[in-house]
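Peer 1:
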Amino acid sequence: MFSAIRKRNAEKRDRDIAARQERRATLARREFETFRRVVGQGPGVRGNGEMWWCNHYEWLKSCGYLLRPRYATDWVPSWQGTKKSPRRCEDAVVPSYNHLIDATRISDGKFVILKIVKQSRHPFEADIGRFFMSKPLASDLNNHCVPIYDVLSVPQDEDRIILVMPLLRPYSNPPFDALSEVIDCIRQLFTGLQFMHTHRVAHRDCMNLNILMDATSLYKEPFHPFRLEWRRDLSGYAKHYTRTRCRPKYYFIDFGISRRYDLSDTSPLELPILGGDKTVPEFQDSIEPRNPFPTDIYYIGNFLREDFIQVYLLSTICGDADIEIEGFGFLEGLVADMVQDDPSKRPTIDEVVSRFDAICKGLSGRKLHSRVAPKGENRVTALFRDAGHWTRRFVSKLASLGGSSCVENEMISPGQESMKKKMTRSWSS
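Here my numbering is used: the first residue of the sequence shown is 934, the next is one more, and so on.
1. Would you report the Cα separation of L1204 and P1056, rounded to the nearest angstrom?
2. Look up R1093 in the DSSP assignment and say whether it is helix, strand or coil.
3. Going by Cα to Cα distance, which pick from N1311, R1054, D1073, D1083 is closest to S1248?
4. Within 10 angstroms of the Cβ of V1272, are there 16 or more other Cβ atoms? Answer buried if so, exposed if not.
5. Using the three-state DSSP reduction, which class does D1024 fall into: helix, strand or coil?
6. What are the residues that DSSP puts in a beta bridge with V1045?
7. Please give me, in chain order, every unbroken run of the alpha helix (DSSP H) with length at least 4 that falls completely inside the segment 1179 to 1246.
8. Look at the alpha carbon of V1009 and the alpha carbon of C987, and state the distance between them as a whole number of angstroms.
9. With DSSP as the reference, identify every bridge partner of A1111, one or two as the case may be.
10. Roughly how many whole angstroms lie between the Cα atoms of Y1194 and V1134?
11. Could you tell me which residues DSSP puts in a beta bridge with V1134?
12. For I1094, which residues in the same chain have their Cβ closer than 7 Å to its Cβ, ignoring the five residues on either side in sequence?
13. Would you mind reading off the limits of the beta strand (DSSP E) that contains D1083?
14. Which ranges does the beta strand (DSSP E) cover as unbroken runs of at least 3 residues, wholly within the segment 977 to 1005, from first to last along the chain?
15. Quick check: what's the CA-CA separation for D1290 versus T1124?
16. In the DSSP assignment, the alpha helix (DSSP H) including L1267 goes from what residue to what residue?
17. Look at S1113 and T1177 and say whether their C-beta atoms are less than 8 Å apart.
18. F1156: buried (16+ other C-beta within 10 angstroms of its C-beta) or exposed?
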């Protein structure tokens, strides 16, 4: 049985490698057709986007930010002349986007993200970031706008600036364990949007890709910024605690198309601009100026609909059918009002927060402790995950009572989930 499993895993790896190579070749061909230039053909070749960072390596270092060894002017691939596979070498990892790169703040060793912003395209992003970092807003617990630590002016380039921000990761990675963790995430996001609207800032693109979290407390060892499930040095999986044990903070990012208004401007109007979510009803077949604040309500409501209500169920150890069947149905009424076609009928963020608080007061402890499970989950997989979930809840309870020796046993490795999937496939076949 195990040899068959190994054979299937090897075949899957080969297919995945071939698919990645095909995607790289396709992207390289398209970029050459578009820009008439050749990109890097492997981990040992730095592409055009990477070379921009290489050319600014020493300047960034003088500003107090150190890029990874790959971007040093005298870089030599660590696997060169050895039998090492580039896949296991940290300096072979390439960023997903040319305008974003990770760095280390030299003064305290903190990991940060550097983002190139063209002011001609996004003239308000830096100003809005500075506004939310001003006193007393920066220390307000309701402020969930990504902190801007520094704004660097690129030498000999008046259009480009670099925003320095904390290293964050997607809000849903690692996965949610219990409903109480989802409730905490939603509450933070509602509170954060309320904070923005109170200070007359409309985000205008608050969809799922622009919601991240500070997961520093979840990880005992730093994770890699572009291979999120691995340790920073790629020496193994990055184990993490549950969000119940170590509560993360969620942030809205990317204020490139956001706008700030005067307090006296109660009903501002803006021409439609499509963000990442293209489904905004008032933007369909219309160029009529609209109030961006109700549009924010649609964005966050549609985010809840598409990322939670339509995706997850709840699983209980006692098989409580009422809880499992309803799933996230308790949010449907509120979300339905938030995504109404008529913007004028949508609730304000203050009304959303009030209604959400009332909903949460009606949730039972059993429901809050339920495991968040993807729809269509295999029964064998569910069995494994339920066992792990309730073990972690028990360990977390002991830890909260002073059982510190239990904390290590509560840590989760992405490798555990992959092993469960392998065993599930084996037993189901």
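Ideal Cβ positions, reconstructed from N, Cα and C, are used throughout, including at glycine.
Peer 2: In short:
1. The C-alpha of P1056 is placed about 16 Å away from the C-alpha of L1204.
2. Secondary structure of R1093 (DSSP, three-state): strand.
3. Closest by alpha carbon: N1311.
4. The residue is buried, with at least 16 neighbouring Cβ atoms inside 10 Å.
5. Three-state DSSP puts D1024 in a helix.
6. Partner residues in the beta bridge of V1045, as assigned by DSSP, are A1036, P1099.
7. Those alpha helix (DSSP H) runs which fall completely within the segment 1179 to 1246 and span 4+ residues are 1225 to 1237.
8. Rounded to whole angstroms, V1009 to C987 spans 13 Å at the Cα level.
9. According to DSSP, A1111 bridges with R1304.
10. Roughly 6 Å separates the two Cα atoms.
11. Note: V1134 sits in a beta bridge opposite R1193.
12. Annotation for I1094: V1050, Q1052, A1059, V1084, L1085, S1086, V1087 place their beta carbon closer than 7 Å to its own, counting only its chain and skipping 5 residues before and after.
13. Going by DSSP, D1083 is part of the beta strand (DSSP E) stretching over 1083 to 1086.
14. As far as the segment 977 to 1005 is concerned, it has no whole beta strand (DSSP E) run of at least 3 residues.
15. Here the alpha carbons of T1124 and D1290 stand approximately 11 Å from one another.
16. Looking at the DSSP string, the run of the alpha helix (DSSP H) that includes L1267 is 1265 to 1271.
17. It is a contact, given that the beta carbons lie within the stated cut-off.
18. With 16 or more other Cβ atoms within 10 Å, it is buried.
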